[in-house]
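One structure is given below, encoded as structure tokens.
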Amino acid sequence: MKFESGNINRHVPASSENIHIGNSDEDISTAQTSGTEESNYFDEGKICEYTNTKERVRQEITEIDATISKIFGNSDADLENITHDSITQILQRRESLTEQSVGIAANYPGDWTQLLQSRMLDEKTKRKFIEQRKLAMPAMREGTPRVLDKPNSFASHYEDQIANYEDTVNKVFSVTNIASAAEHGKRPHHLGMGNINEPGTVFSDAELKTGAKLSIRQKNIIEAHEKGHGLRDFTSPQDIAEIRSVIDQEALRDLQQAQESSQNTDARFPINYVQAPEEIIERMAQLKSYFGMSADEEFTARHLEYAREHYIKDTGLNNGISTFFNCVTDKTKGTFLTIMNKYPI
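All residue numbers for the sequence shown refer to my numbering, where the first residue is 500 and numbers rise by one.
Written as structure tokens, this is what we have:
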């Protein structure tokens, strides 16, 4: 995969919707990566090993759950004489596997754009999309937008997205635009840009604020992020309020005060950007892809805590993720998990 000027024709169905873009002046910094060469980022052998290991653990947990169900349901005569110590060992093994499964799933080695596409094409995600749009539409304006109105503030904006779901997905994932930042009036550390119903652009000269050029894998992460903007926007007052509740406002104010007194201008970030519902959702999507999640997998508190510690180190990319983590506190963690699993991410 080459992220050079032109485009990448992915020959795949896709989805798209409106959103801001990942082009703020927010700090884009790097961290030590795990020494993998770019040519191996999409190594089929590594992907196969990752998938098989993740599936083996999942299957063992499923088998243990079936055993536990029999024990506590008294549904099997052969289990009548099972000892308390045996039950304890089974439960401890279950807990250990659950803990291990998070680390095993982390740092997905495959194509994050294709992974996002597979989630969006899944019927479970489509149902979430439709349900959330319908729930949010009563808070939007009714009728037909006039010349000076903002069309995305009307319920018809969401209605059109529901009606055109498959077409949007196909359009967004069919191609990726590649261009220099200057061609779009941006700077290389803006990394890329995306808007609703568009396939998104990755900057060929994308770089971290340190001046380091993005690797192929990092550009793939940005590609998926910008395509997410093409797939979904959140313009209903209900969506905006609910998604923003993920951010701890007190923590955000503390960060704002700290940056105002800091001499490091590269570390500064626009507050409105941090709270943008679209950006919150796409950072959530990044975390789901980091764990290689399919549409039916649940994101748990264990995943969040593991990602806090390992995500930036593993990916070498901090496109606002550290600020995001700092603003998701114990006070808002429950809301974060609800939104993460409730919305079509």
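Even for Gly, the Cβ is constructed at its ideal location relative to N, Cα and C.
My assumption, with CB atoms under 8 Å, is that residue i sits in contact with residue j. Please give the rounded CB distance.
{"i": "D747", "j": "T828", "result": "4 Å"}
{"i": "N825", "j": "A750", "result": "6 Å"}
{"i": "Q755", "j": "I770", "result": "6 Å"}
Can you tell me whether residue i is helix, strand or coil according to DSSP?
{"i": "N848", "result": "For the chain, the structure presents residues 500 to 844; residue 848 sits outside this window and is missing."}
{"i": "N663", "result": "coil"}
{"i": "R447", "result": "Residue 447 is absent from the structure shown; the chain starts at 500 and stops at 844."}
{"i": "F541", "result": "coil"}
{"i": "E706", "result": "strand"}
{"i": "R645", "result": "coil"}
{"i": "R731", "result": "coil"}
{"i": "K832", "result": "helix"}
{"i": "V674", "result": "strand"}
{"i": "G691", "result": "strand"}
{"i": "N719", "result": "helix"}
{"i": "F653", "result": "strand"}
{"i": "V701", "result": "strand"}
{"i": "Y842", "result": "coil"}
{"i": "T837", "result": "helix"}
{"i": "N818", "result": "strand"}
{"i": "I746", "result": "coil"}
{"i": "I629", "result": "helix"}
{"i": "I780", "result": "helix"}
{"i": "N551", "result": "helix"}
{"i": "I563", "result": "helix"}
{"i": "P512", "result": "Low confidence applies here, because P512 scores a pLDDT of 39, under 50, leaving its location unreliable and the question unanswered by this model."}
{"i": "I507", "result": "strand"}
Can you give me the Cβ contacts of residue i inside the same chain, cut-off strictly under 7 Å, excluding the 5 residues immediately before and after it?
{"i": "F790", "result": "A604, A605, Y607, H802"}
{"i": "S652", "result": "M639, R640, T734"}
{"i": "F628", "result": "Y664, P843"}
{"i": "I811", "result": "A530, N817, I820, S821"}
{"i": "D738", "result": "A635, P776"}
{"i": "D648", "result": "none"}
{"i": "A806", "result": "L786, Y789"}
{"i": "K830", "result": "D747"}
{"i": "I589", "result": "I563, T566, I567"}
{"i": "G572", "result": "none"}
Is the distance from the Cβ of residue i to the Cβ of residue j below 9 Å?
{"i": "I570", "j": "R592", "result": "no"}
{"i": "A784", "j": "H689", "result": "no"}
{"i": "G727", "j": "E665", "result": "no"}
{"i": "N694", "j": "N506", "result": "no"}
{"i": "K718", "j": "P698", "result": "no"}
{"i": "A794", "j": "D610", "result": "no"}
{"i": "G853", "j": "N696", "result": "Outside the shown range of the chain, which is 500 to 844, sits residue 853, and nothing can be said about it."}
{"i": "G602", "j": "S714", "result": "no"}
{"i": "P644", "j": "P650", "result": "yes"}
When you compare only the Cα positions, how much space is there between residue i and residue j?
{"i": "K625", "j": "T587", "result": "41 Å"}
{"i": "T799", "j": "I742", "result": "17 Å"}
{"i": "T463", "j": "V745", "result": "Lying outside 500 to 844, the shown extent of the chain, residue 463 is not represented and no answer is given."}
{"i": "K617", "j": "I546", "result": "Lys is not the amino acid found at residue 617; the sequence shown has Ser there. Cα-Cα distance, rounded: 15 Å."}
{"i": "E598", "j": "T612", "result": "27 Å"}
{"i": "D542", "j": "S585", "result": "41 Å"}
{"i": "K841", "j": "E682", "result": "37 Å"}
{"i": "L614", "j": "E796", "result": "13 Å"}
{"i": "S655", "j": "E630", "result": "15 Å"}
{"i": "R632", "j": "A662", "result": "11 Å"}
{"i": "I567", "j": "T834", "result": "30 Å"}
{"i": "D659", "j": "R731", "result": "12 Å"}
{"i": "K623", "j": "S761", "result": "45 Å"}
{"i": "E778", "j": "T582", "result": "51 Å"}
{"i": "A711", "j": "M839", "result": "31 Å"}
{"i": "E804", "j": "V773", "result": "20 Å"}
{"i": "T550", "j": "V646", "result": "51 Å"}
{"i": "E548", "j": "R555", "result": "11 Å"}
{"i": "H809", "j": "G684", "result": "33 Å"}
{"i": "G544", "j": "R686", "result": "36 Å"}
{"i": "D813", "j": "F672", "result": "25 Å"}
Within its chain, find whatever has a CB closer than 8 Å to the CB of residue i; leave out the 5 residues flanking it on each side and keep chain order.
{"i": "R557", "result": "S600"}
{"i": "V701", "result": "F502, T675, N676, I677, L690, G691, K718, I721, E722, E725"}
{"i": "I560", "result": "R593, L596, T597, S600"}
{"i": "K553", "result": "S600, I603, A604, G791"}
Among residues of its own chain, excluding the 5 on either side of residue i, which ones have a beta-carbon nearer than 6 Å to its beta-carbon?
{"i": "F823", "result": "R782"}
{"i": "P736", "result": "A638"}
{"i": "K832", "result": "none"}
{"i": "Y657", "result": "R632, M636"}
{"i": "A740", "result": "none"}
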